[in-house]
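J.: Here's a structure for you.
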Amino acid sequence: MAQRETWATRVGFILAAVGSAVGLGNIWQFPFKTATNGGAAFVFVYLLAAVLIGLPAILGEFVVGRRSKLNAIEAFGRLNRPSWTIVGALGLFIGMWILSYYSVVGGWVIRYVFGSATGAYFGNPGEYFGAISAGVDAIALHGLFMLLTAGIVAFGVEDGIEKATKLMVPSIVFILLALAVYAATLPGATDAYAYYLNPDFEYLFNNLGDVVPFAVSQAFFSLSLGMGAMITYSSYIDGDESLPSDGATIVVLNTLIGLLAGFVVLPLLFAQQGGVSETAAGGGPGALFVAVASAFADLGTAGRAVGVVFFLVVLIAALSSAISLLEVVTSYMVDKYGFDRKATAFGFGAVLFVVGTFSAANTAWLGWFDTIAYKFLLPVSVLLGVFFAGWVLGPVAVEELRKGTGGLTRFGPAWLWMLRTFVLVAVLATLLLGVDTLYEMPPIPSL
Ligand code: PFF
Numbered sequence: 000m001a002q003r004e005t006w007a008t009r010v011g012f013i014l015a016a017v018g019s020a021v022g023l024g025n026i027w028q029f030p031f032k033t034a035t036n037g038g039a040a041f042v043f044v045y046l047l048a049a050v051l052i053g054l055p056a057i058l059g060e061f062v063v064g065r066r067s068k069l070n071a072i073e074a075f076g077r078l079n080r081p082s083w084t085i086v087g088a089l090g091l092f093i094g095m096w097i098l099s100y101y102s103v104v105g106g107w108v109i110r111y112v113f114g115s116a117t118g119a120y121f122g123n124p125g126e127y128f129g130a131i132s133a134g135v136d137a138i139a140l141h142g143l144f145m146l147l148t149a150g151i152v153a154f155g156v157e158d159g160i161e162k163a164t165k166l167m168v169p170s171i172v173f174i175l176l177a178l179a180v181y182a183a184t185l186p187g188a189t190d191a192y193a194y195y196l197n198p199d200f201e202y203l204f205n206n207l208g209d210v211v212p213f214a215v216s217q218a219f220f221s222l223s224l225g226m227g228a229m230i231t232y233s234s235y236i237d238g239d240e241s242l243p244s245d246g247a248t249i250v251v252l253n254t255l256i257g258l259l260a261g262f263v264v265l266p267l268l269f270a271q272q273g274g275v276s277e278t279a280a281g282g283g284p285g286a287l288f289v290a291v292a293s294a295f296a297d298l299g300t301a302g303r304a305v306g307v308v309f310f311l312v313v314l315i316a317a318l319s320s321a322i323s324l325l326e327v328v329t330s331y332m333v334d335k336y337g338f339d340r341k342a343t344a345f346g347f348g349a350v351l352f353v354v355g356t357f358s359a360a361n362t363a364w365l366g367w368f369d370t371i372a373y374k375f376l377l378p379v380s381v382l383l384g385v386f387f388a389g390w391v392l393g394p395v396a397v398e399e400l401r402k403g404t405g406g407l408t409r410f411g412p413a414w415l416w417m418l419r420t421f422v423l424v425a426v427l428a429t430l431l432l433g434v435d436t437l438y439e440m441p442p443i444p445s446l
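Here is the structure:
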């Protein structure tokens, strides 16, 4: 069998993982959820969740990946009994589930890059979103986004994903920085910062049951946990670099880039009539598009240029995440069945394109897929992954984590203890709270 691929450099792995983490979750959802969930109070809970739950959990996935040096499905079986493979299979299933609609949103973003350039949505942003978000055009652009994703994955780990993300992640940071500087000059910027940075703890305490699970799931999604992506990426690490320091770097960068996106999006939202517009706040998956597009429309000619740049950065971020999901299934087919990488990437891209046509035909389907992923699938998968690393691997996980840390002996047992108790309970609580509100979900949309 051909030798398994690896990253060419350590930075390559870190940037690919950051590329996976930084996506629509950071730039599309995080600032908007912050804006509609109490501002800084939400940010506060999110930060705690990222450090106290996200970091230990991502290290769990890294340990599974690097120890097994296998795709995210077989990894579990190789490290323990074959029956654990089911946990990996669940992750793969969730990754495909998410990618099917993620790509539809990616298609909208492509549309908005062009719509900004021509000012197509300037007349009526709400109507524009309604017109482009579902139907034949949405399906076509979803197909284009999937094709771009498969195109990168087809080139392989080093020549495709590593090279692409080395270019994409720094671009995301520079463009967002430039946009944040611009956003600071907008009229509502000061109010936006106050809302973003001054936690309203009263709001938090009154809405604890909503805000906390929401922020924790957001952290899972944002760190690409529970979908096999981080296991797959860490399985390509060739060497004993320090996983704790790589993990911390990835979590910090992901969080900083999300926060930075807030410095762009919140002033934009506040520039419109001094706050998040009612319609946008109440709306479904398109709310941010409508709200941000309205802000660009208000800016007139400058709005066109800023709009193009903004949606371009969202597109880059979405692509660098989507490739990590397609890589999960690709690496499995290549490892296990010796499939051709290119054929697998395009073949599964085509399958997911078909699944995603539901979401592209009707945004109610998209909302349905997303809610199930957030409230149910992700927490279940993260829970099983944490249980596996903490209780099934246990000391083996600690041994793997220690490699390359230069004898960092104390951290390992503390991490294991965290995983086994606090993290496990917190994830379980998130799951129960999420499932508890599943009944509020809209019914399955009719075709
Ligand atoms: N982390 C990505 C985001 O925040 O947009 C979403 C994502 C990408 C989830 C890749 C899962 C994944 F495997």
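Take the sequence shown: its letter number 151 is residue 150 in numbering that gives the first Met the number 0, and every next letter is one higher.
The beta carbon of each residue, even a glycine, is placed where N, CA and C say it ideally should be.
(1) Let me check you understand the geometry: is the CB of Asn25 closer than 7 Å to at least one non-hydrogen atom of the ligand PFF?
(2) Could you pull out every residue in the same chain whose Cβ sits closer than 8 Å to the Cβ of Leu177, ignoring the five residues on either side in sequence?
(3) Whose CA, out of Ala149, Val391, Phe29 and Ile72, lies closest to the CA of Leu98?
(4) Given that a residue counts as buried once 16 or more other Cβ atoms are within 10 Å of its Cβ, and exposed if not, what is Leu376?
(5) Can Leu324 and Gly94 be called in contact, C-beta distance under 8 Å?
(6) Cβ of Pro169 within 8 Å of Cβ of Ala270?
(7) Should the segment 74-85 be regarded as contacting the segment 100-117, the criterion being three or more beta carbon pairs within less than 8 Å?
(8) In terms of residues, what are the limits of the alpha helix (DSSP H) holding Thr356?
(9) Mapping the DSSP letters down to three states, classify Ala228 as helix, strand or coil.
(10) For Leu222, which three-state DSSP category applies?
(11) Is the segment 126-135 touching the segment 250-266, taking contact as three or more C-beta pairs under 8 Å?
(12) Around the Cβ of Phe200, are there at least 16 other Cβ atoms within 10 angstroms (buried) or fewer (exposed)?
(13) Between which residues of its own chain and Tyr448 is the CB-CB distance below 8 Å, once the five residues before and five after are set aside?
(14) With DSSP collapsed to three states, give me the class of Arg419.
(15) Between which two residues does the alpha helix (DSSP H) harbouring Leu47 extend?
(16) Determine the extent of the alpha helix (DSSP H) in which Val250 is found, giving its start and end residues.
(17) Output needed for Leu423: all residues of its chain with C-beta closer than 6 Å, excluding positions within five of it in sequence on either side, in chain order.
(18) Leu89: which of Leu268, Leu23 and Val328 sits nearest, CA to CA?
(19) Label Arg65 either buried or exposed according to how many other C-beta atoms from any shown protein chain fall within 10 Å of its C-beta, with 16 as the threshold for buried.
(20) Classify Pro186 as helix, strand or coil using the three-state DSSP reduction.
(21) Return yes when the C-beta of Val333 is under 7 Å from any heavy atom of the ligand SAM, and no when it is not.
(22) Of all Cβ atoms in chain C, is any one closer than 8 Å to the Cβ of Tyr181?
(23) Closer than 7 Å by C-beta to Pro412: which residues in its own chain qualify, once you throw out the five before and the five after it? Chain order, please.
(24) Where does Lys162 sit, in a helix, a strand or coil, going by DSSP?
(25) Is Leu298 closer than 8 Å to Val112 when the C-beta atoms are compared?
(26) Taking all protein chains shown into account, do 16 or more other C-beta atoms lie within 10 angstroms of the C-beta of Ile236, making it buried, or fewer, making it exposed?
T.: According to the structure shown:
(1) yes
(2) For clarity, residue 177 is Ala in the given sequence; the question names Leu instead. Closer than 8 Å at the Cβ level, and outside the excluded window around Ala177, lie Val308.
(3) Ala149
(4) buried
(5) Their beta carbons are under 8 Å apart, which means Leu324 touches Gly94 by this criterion.
(6) In this structure, Ala270 does not lie closer than 8 Å to Pro169 by Cβ.
(7) no
(8) Arg340 to Ala360
(9) helix
(10) coil
(11) No: fewer than three Cβ pairs fall under 8 Å.
(12) exposed
(13) Nothing in the structure corresponds to residue 448, since the chain is present only between 0 and 446.
(14) Helix at Arg419.
(15) In the DSSP assignment, Leu47 falls within the unbroken alpha helix (DSSP H) covering Ala39 to Ala48.
(16) Counting along the chain, Val250 sits inside the alpha helix (DSSP H) bounded by residues Leu242 to Ala270.
(17) Val385
(18) Val328
(19) buried
(20) Three-state DSSP puts Pro186 in coil, outside helix and strand.
(21) Within the structure as shown, the ligand SAM is missing, the only ligands being the ligand PFF.
(22) This model lacks chain C altogether; it includes just one protein chain.
(23) Counting only residues of its own chain and dropping the five nearest sequence neighbours on each side, Pro412 has a CB closer than 7 Å to the CB of Val397.
(24) Lys162 falls in the helix class under three-state DSSP.
(25) Not closer than 8 Å, so no.
(26) buried
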